[in-house]
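*Asks:* Would you mind keeping the following structure in view while I ask a few things?
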Amino acid sequence: AQSVSQHNHHVILSEAASLELGCNYSYGGTVNLFWYVQYPGQHLQLLLKYFSGDPLVKGIKGFEAEFIKSKFSFNLRKPSVQWSDTAEYFCAVSSGGSYIPTFGRGTSLIVHP
Amino acid sequence: DTGVSQNPRHKITKRGQNVTFRCDPISEHNRLYWYRQTLGQGPEFLTYFQNEAQLEKSRLLSDRFSAERPKGSFSTLEIQRTEQGDSAMYLCASSLSGQGSNEQYFGPGTRLTVT
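Note that the protein sequences, when read in sequence, are chains A and B.
All the letters of the first sequence, read from the start, carry residue numbers 1247 to 1359 under this note's numbering.
All the letters of the second sequence, read from the start, carry residue numbers 619 to 733 under this note's numbering.
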C-alpha cells in the first residue's frame, strides 16, 4: 500500500519568508500528485496538481510544487508567504490506475504578520 | 453555491445510537467519495461510488457503516450503534470521470461527536 509522508507537522513563519513543505510517497509506479489547502473554518480545496508533463507545477496564490520522481517527492513552495496563507496543507497521492488518493497527515502553517 | 454540500454540519449523539449523514455532490459529477478525518490526520478513504454503484470500500468501513447513492446523485452514510471512536469529521467529495487527474472537490464535512 502506498503511503504519504509530510515531514513538517507545524511550521511558523513571518510574512515574506520563503516556504517549502516536504512531501514524500512510497509508490513506485505512475502517480497523480496533489496539494490541498484548508483555511481556518473552510473546506479542503485543491491548491495544485501534477498529472503528467512539466514536473514544475504552478498553482493558485503563487504556490508551486516540483515532482522529483527519483526522490519520490512533491514539495510545495512559495517564495514569499502572506498572513492569509495560514492554513493546513495536505499532500495527496493516487497511483496511476486509482481514483482514490492517499493523504498525508498535513502540515499546519502559521504566518505571523 | 454549486459546490459539494453536506448535512448536518454537526451531530452530537450518544453511544449506541444510529446516525445518518447526507452529501450532495456537484450536480454533473458522477463520482462520489466518503472520507473520515480525525484531529491531526489527513482524510482517510472510506468508500467510493461511480454513479449509483459502490465500487470500492476501505477496510476502515466496518459492518456498522453503510453508504448508499440510490439514484446516482446524493449519497447517505449511516453509522449504526455508534462508538466513541467514531467521533471524527466525515468528508464527502465528488469528481467527474474523464478528467485524467481525477480532481476531487470536497464538501465542508459533518463533525460527529459521540458521547
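Beta carbons: idealized from backbone N, C-alpha and C, even for Gly.
Here the structure is a predicted model, which is why all the values come from computation and not from measurement.
#1: Which chain B residues are close to Gly1360 of chain A, counting only those with a beta carbon under 8 Å from its beta carbon?
#2: Give me the chain B residues within the contact set of Tyr1273 of chain A, using Cβ-Cβ distance strictly less than 9 Å, ordered along the chain.
#3: Can you pull the chain B residues whose beta carbon is under 7 Å from the beta carbon of His1289 of chain A, in chain order?
#4: Looking only at its own chain, which residues have a Cβ that is under 6 Å from the Cβ of Pro1325 of chain A, when we skip the five neighbours before and after it?
#5: Under DSSP, the beta strand (DSSP E) around Trp1281 of chain A begins and ends at which residues?
#6: Please go through the same chain and pick out, in chain order, the residues whose beta-carbon is closer than 8 Å to the beta-carbon of Gly1350 of chain A, but skip the five residues on each side of it.
#7: In the structure shown, what three-state DSSP assignment does Ile1306 of chain A receive?
#8: Any contact between the region 698-718 of chain B and the region 633-648 of chain B? By contact I mean 3 or more CB pairs, one from each, below 8 Å.
#9: By Cβ distance below 6 Å, which residues in the same chain neighbour Phe1318 of chain A in space, the five residues on each side in sequence not counted?
#10: Where does Asp642 of chain B fall in DSSP's three states?
#11: Find the nearest neighbour of Tyr666 of chain B within the set B:Thr620, B:Thr694, B:Gln659, judged by alpha-carbon distance.
#12: Could you check whether the region 677-696 of chain B touches the region 1345-1359 of chain A, counting it as contact only if at least three pairs of C-beta atoms, one from each stretch, sit closer than 8 Å?
#13: On the criterion of 16 or more Cβ atoms from any shown chain inside 10 Å, does Leu1322 of chain A qualify as buried, or is it exposed?
#14: With a CB to CB cut of under 6 Å and the five nearest residues on each side skipped, what residues in its chain are close to Ser1260 of chain A?
#15: Which residues in the same chain as Asn1278 of chain A place their Cβ atom closer than 6 Å to its Cβ, once the five residues preceding and following it in sequence are excluded?
#16: I'd like to know if Val1346 of chain A contacts chain B, where contact means its C-beta is closer than 7 Å to some C-beta of that chain.
#17: Give a yes or no on whether the minimum CB-CB distance between Phe1309 of chain A and chain B is below 7 Å.
#18: Can you look up Gln1291 of chain A in the DSSP assignment and give me helix, strand or coil?
#19: Do you know offhand how far Phe639 of chain B's Cα is from Asp1300 of chain A's?
#20: Exposed or buried, Pro626 of chain B, counting other C-beta atoms within 10 Å across all chains shown (16 or more means buried)?
#21: Where does Ser713 of chain B fall in DSSP's three states?
#22: Name the DSSP bridge partner or partners of Leu673 of chain B?
*Replies:* Per the coordinate set shown:
#1: Past the boundaries of the shown model lies residue 1360 of chain A; chain A is included only from 1247 to 1359, so the question cannot be answered.
#2: Within 9 Å Cβ-Cβ: nothing; Tyr1273 of chain A doesn't reach chain B, min ~15 Å.
#3: Phe724, Gly725, Pro726, Gly727
#4: Ser1264
#5: 1277-1284
#6: Val1250, Ser1251, Gln1252, Cys1269, Phe1336, Cys1337, Ala1338
#7: helix
#8: yes
#9: Asn1270, Tyr1271
#10: strand
#11: B:Thr694
#12: no
#13: buried
#14: His1358
#15: Phe1297, Ser1340
#16: The question names Val, but residue 1346 of chain A in the sequence shown is Ile. For Ile1346 of chain A, the answer is yes, since a Cβ of chain B falls inside 7 Å of its Cβ.
#17: no
#18: strand
#19: 40 Å
#20: exposed
#21: strand
#22: Beta-bridge pairing links Leu673 of chain B to no other residue.
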